[in-house]
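*Asks:* For the sequence shown, the numbering used here begins at -5 and goes up steadily by one. By construction, the Cβ of each residue, glycine as well, lies at the ideal position given by its N, Cα and C atoms. Just passing along the structure, written as structure tokens.
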Amino acid sequence: MLSGKTILVGITGGIAAYKICELIRMYKCANAEVLVVCTPNALNFVTRLTLQNLSKNNVAVEEFDIKDFNPEHISYADRADIMVIAPATANTISKIATGVCDNLLTSIACAFTKPILIAPAMNCNMWENPLIRENLNKLHCEILEPESGYLACGYEGKGRLCSLDKIFDKTVELLKYKLLNGKKIVITSGGTIEDIDPVRYISNYSSGKMGLALADTAKNLGADVTLITTTDVSRKYNVIKVKSALDMKSAVENEFDSADCIIMAAAVADYRVKEISPRKMKKTSDDEITLTLVKNPDILKDLCDKKKNAATADISASAPLIIGFCAESENLIENAKEKISKKGCDYLIANDISRKDIGFSNDYNEVTIINKNGGMKKLERADKKTIARGIFEEIYG
Ligand code: CTP
-5 MLSGKTILVG ITGGIAAYKI CELIRMYKCA NAEVLVVCTP NALNFVTRLT LQNLSKNNVA
55 VEEFDIKDFN PEHISYADRA DIMVIAPATA NTISKIATGV CDNLLTSIAC AFTKPILIAP
115 AMNCNMWENP LIRENLNKLH CEILEPESGY LACGYEGKGR LCSLDKIFDK TVELLKYKLL
175 NGKKIVITSG GTIEDIDPVR YISNYSSGKM GLALADTAKN LGADVTLITT TDVSRKYNVI
235 KVKSALDMKS AVENEFDSAD CIIMAAAVAD YRVKEISPRK MKKTSDDEIT LTLVKNPDIL
295 KDLCDKKKNA ATADISASAP LIIGFCAESE NLIENAKEKI SKKGCDYLIA NDISRKDIGF
355 SNDYNEVTII NKNGGMKKLE RADKKTIARG IFEEIYG
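The following block contains the structure:
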């Protein structure tokens, strides 16, 4: 995903330095070349050997650590496509903001002409200090603000390093890596809501998290994204809020002609109430009541049929790639294979909803991507953004 890119990771002396080992691993897994520069204090929190092993490069701390180049800070600045300083302490932020170059990291930052991404982490009172705020405002860098929570110093407040996913995604965005550049991706998410009367409805436990992760990831990968969702989402890309399966169907169909890819991650109710009561239904003396349900359209199947018909009419050139999701509580692969042939989609993403550690409402997932020719690829348990990235890489990589 990041092959051909060189990322210069700058680590300063804060407790969150240990987390950067994992960030380096994430960059390496995405095939980036990783260079590491530490302030001398950073090595109090993480060892040079660990960083060397993970980055597969020498770790530079002092001006003359870099053996092959001359002058050192300029050569590092020239080689890297982006500099990511994480965690960035109040001290280093202030030095960079005021042009102080008293160590290799701050010297490189001063000479760096490409994007610099800064992820601060510090005690909450330091973060709120007006001097630090003033220095932050002076920086012409991308800043990923720290998050609130329990801090290693014992305080609770804003100061924790933001998530590594955020740093990774921002790095990708800044490098303008555009796997999905020029593609219009339409994603559905959430569980549809089928009204019974003005105060009651039938729905399901879908949180919409997987669809949202797909939409956010597609956006970061350069796609023109439309998210059709039953959940409340506020994003910079196009979000269309829908309620029922019928609403969702017409919203998706409106996008069919312009989409390069449609991903049905929504949990669409298979049935809806035959007659929605216009007034709140009153309790009766009966111990039982019967609601008559009628079948909802199978949106995914209808999209696939439409694509097939377009192909028959020889106007397939603009037909979108169609991807379904498949929620199963038993015989995952067997049922998924049956479903892909029944529905006729290009790919089906199968996940096991019987497991409590993945899937519905969880931040994690584990999926098997099945293509229409029977090929399969398993993506091991990971947070939903990583899974989303894996799906796009498998399909478009
Ligand atoms: N789907 C759809 N319209 C429906 C039901 C499902 O578009 N009325 C889509 C879902 O968005 C998903 C795929 O079909 O991409 C599979 O959904 P799933 O619930 O696993 O399967 P169903 O077709 O509903 O079959 P069953 O509930 O019997 O497993």
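For residue 99, decide whether its Cβ has a neighbour in chain B, counting only Cβ atoms nearer than 7 Å.
*Replies:* Any reference to chain B falls outside this structure, which holds one protein chain only.
*Asks:* Comparing C-alpha positions only, which one of 81, 134 and 78 sits nearest to residue 92?
*Replies:* Considering only alpha carbons, the answer is 134.
*Asks:* Using only the alpha-carbon positions, how far apart do residue 239 and residue 70 sit?
*Replies:* About 54 Å.
*Asks:* Can you find a heavy atom of ligand 1 that lies under 6 Å from the Cβ of residue 94?
*Replies:* Flag unset: Cβ of residue 94 not near ligand 1.
*Asks:* Less than 7 Å between the C-beta atoms of residue 434 and residue 183, yes or no?
*Replies:* Any answer about residue 434 is impossible in this case: the structure gives the chain only from -5 up to 391.
*Asks:* Should residue -2 go down as buried or exposed, given a rule of 16 or more other Cβ atoms within 10 Å for buried?
*Replies:* Exposed.
*Asks:* At which residues does the beta strand (DSSP E) containing residue 32 begin and terminate?
*Replies:* Note, residue 32: beta strand (DSSP E), 27 to 32.
*Asks:* Within its chain, find whatever has a CB closer than 8 Å to the CB of residue 6; leave out the 5 residues flanking it on each side and keep chain order.
*Replies:* Here the set comprises 32, 33, 35, 36, 79, 81, 82, 83, 85, 86 and 99.
*Asks:* Tell whether a beta-carbon distance below 7 Å holds between residue 394 and residue 179.
*Replies:* This structure gives no information on residue 394, because the portion of the chain shown stretches from -5 to 391.
*Asks:* If the criterion is Cβ atoms closer than 7 Å, does the pair residue 258 and residue 294 meet it?
*Replies:* Cβ distance < 7 Å, so residue 258 and residue 294 count as in contact.
*Asks:* Taking 6 Å as the cut-off, is the CB of residue 205 close to at least one heavy atom of ligand 1?
*Replies:* For ligand 1, not one heavy atom lies less than 6 Å from the Cβ of residue 205.
*Asks:* Any idea if residue 154 is buried or exposed, counting beta-carbon neighbours within 10 angstroms, 16 or more meaning buried?
*Replies:* Per the 10 Å Cβ criterion, buried.
*Asks:* Hey, could you find the ends of the alpha helix (DSSP H) residue 384 is sitting in?
*Replies:* Note, residue 384: alpha helix (DSSP H), 378 to 390.
*Asks:* Output needed for residue 235: all residues of its chain with C-beta closer than 7 Å, excluding positions within five of it in sequence on either side, in chain order.
*Replies:* So the qualifying residues of the chain are 223.
*Asks:* Distance, Cα to Cα, residue 247 vs residue 297?
*Replies:* Between residue 247 and residue 297, the C-alpha separation is close to 8 Å.
*Asks:* Any idea what DSSP makes of residue 14, helix, strand or coil?
*Replies:* Correct three-state label for residue 14: helix.
*Asks:* From the DSSP output, in three-state form, read off residue 86 for me.
*Replies:* Of the three classes helix, strand and coil, the one that applies to residue 86 here is helix, per DSSP.
*Asks:* Once you ignore the five residues that flank residue 163 on each side, which residues in its own chain have a CB closer than 6 Å to its CB?
*Replies:* Here the set comprises 214.
*Asks:* Excluding the 5 residues flanking residue 310 on each side, which residues of the same chain have their C-beta closer than 7 Å to its C-beta?
*Replies:* At residue 310 the pLDDT is 49, less than 50, meaning the model places this residue with poor confidence; the figure from the coordinates comes in the next sentence. Excluding positions up to five away in sequence, the list reads 304.
*Asks:* Let me know the secondary structure DSSP gives residue 42 once reduced to three states.
*Replies:* DSSP places residue 42 in helix when its eight states are reduced to three.
*Asks:* What is the rounded straight-line gap between the Cα of residue 211 and the Cα of residue 176?
*Replies:* One C-alpha to the other measures close to 15 Å.
*Asks:* Under a Cβ-count criterion, where at least 16 other Cβ atoms within 10 Å of its own Cβ denotes burial, should residue 188 be classed as buried or exposed?
*Replies:* Buried, by the Cβ-count rule.
*Asks:* Per the contact definition of three or more C-beta pairs closer than 8 Å, is the segment 317 to 330 in contact with the segment 341 to 348?
*Replies:* Judged by Cβ distances under 8 Å, the segment 341 to 348 makes contact with the segment 317 to 330, as three or more pairs qualify.
*Asks:* Could you check the C-alpha separation between residue 363 and residue 174 for me, to the nearest Å?
*Replies:* Going by the C-alpha atoms only, they are around 18 Å apart.
*Asks:* Looking at the secondary structure, which residues open and close the beta strand (DSSP E) in which residue 183 lies?
*Replies:* Taken as a continuous stretch (DSSP letters only), the beta strand (DSSP E) holding residue 183 covers 178 to 183.
*Asks:* What residue range does the beta strand (DSSP E) around residue 242 cover?
*Replies:* Premise fails: residue 242 lies in the alpha helix (DSSP H), 239 to 249, not in any beta strand (DSSP E).
*Asks:* In this structure, how does DSSP classify residue 167 when only helix, strand and coil are distinguished?
*Replies:* Of the three classes helix, strand and coil, the one that applies to residue 167 here is helix, per DSSP.
*Asks:* Report yes if the CB atom of residue 352 is closer than 7 Å to the CB atom of residue 375, and no otherwise.
*Replies:* In this structure, residue 375 lies closer than 7 Å to residue 352 by Cβ.
*Asks:* Is residue 290 a contact residue of ligand 1, with contact defined as CB to any heavy atom under 6 Å?
*Replies:* Answer for residue 290: yes, Cβ within range of ligand 1.
*Asks:* When you compare the segment 265 to 272 with the segment 321 to 335, are there three or more beta-carbon pairs, one atom per stretch, that lie closer than 8 Å?
*Replies:* No, the segment 265 to 272 is not in contact with the segment 321 to 335.
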